[in-house]
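In this note's numbering, the protein residues as written are 226 to 306. Glycine included, each C-beta is placed from N, C-alpha and C at the ideal position. None of these values were measured; they are calculated from a predicted model. Data block below; observations after.
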Amino acid sequence: MDMRSFILHGNILSVEVKINGSDYRFGVQWKAPTKPYGDTWVLKSYANVLTGEKDLSEEKIAEFLDTINANWNWNMDDFKK
């Protein structure tokens, strides 16, 4: 997955992503995670740059979101001394 053309405006990130040889523009919104390892980016929109269609499978969209969301399971007890 190749990502480029990152544009951050407030809490909205626009990014161009190449998936299966096609270019897509995604819009994701920042949100504070509800737990130490929760998602921080929520999909707001996407479209094929060439056709304007929303033609990705749910699996490909989930793969993109998994790539941009850092899902670390922080155990805070490990940091206490």
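Bridge partners - residue i, DSSP secondary structure assignment
{"i": "LYS243", "result": "ASP227 and ASP248"}
Pairwise C-alpha distance: residue j and residue i
{"i": "ILE244", "j": "PRO258", "result": "27 Å"}
{"i": "LYS279", "j": "ALA272", "result": "5 Å"}
{"i": "GLU284", "j": "ASN236", "result": "25 Å"}
{"i": "ALA287", "j": "LEU238", "result": "17 Å"}
Pair within 7 Å by beta-carbon distance, residue i and residue j
{"i": "PHE231", "j": "VAL240", "result": "yes"}
{"i": "TRP266", "j": "ASN294", "result": "yes"}
{"i": "THR292", "j": "MET226", "result": "yes"}
Residue i versus the options, residue with shortest Cα-Cα distance
{"i": "LEU233", "options": "ASP227, GLY246, VAL267 and VAL253", "result": "VAL253"}
{"i": "VAL274", "options": "ASP248, VAL267 and THR292", "result": "ASP248"}
Own chain partners of residue i with C-beta closer than 8 Å, once the 5 adjacent residues on each side are dropped
{"i": "LYS269", "result": "ILE237, GLY252, VAL253 and GLN254"}
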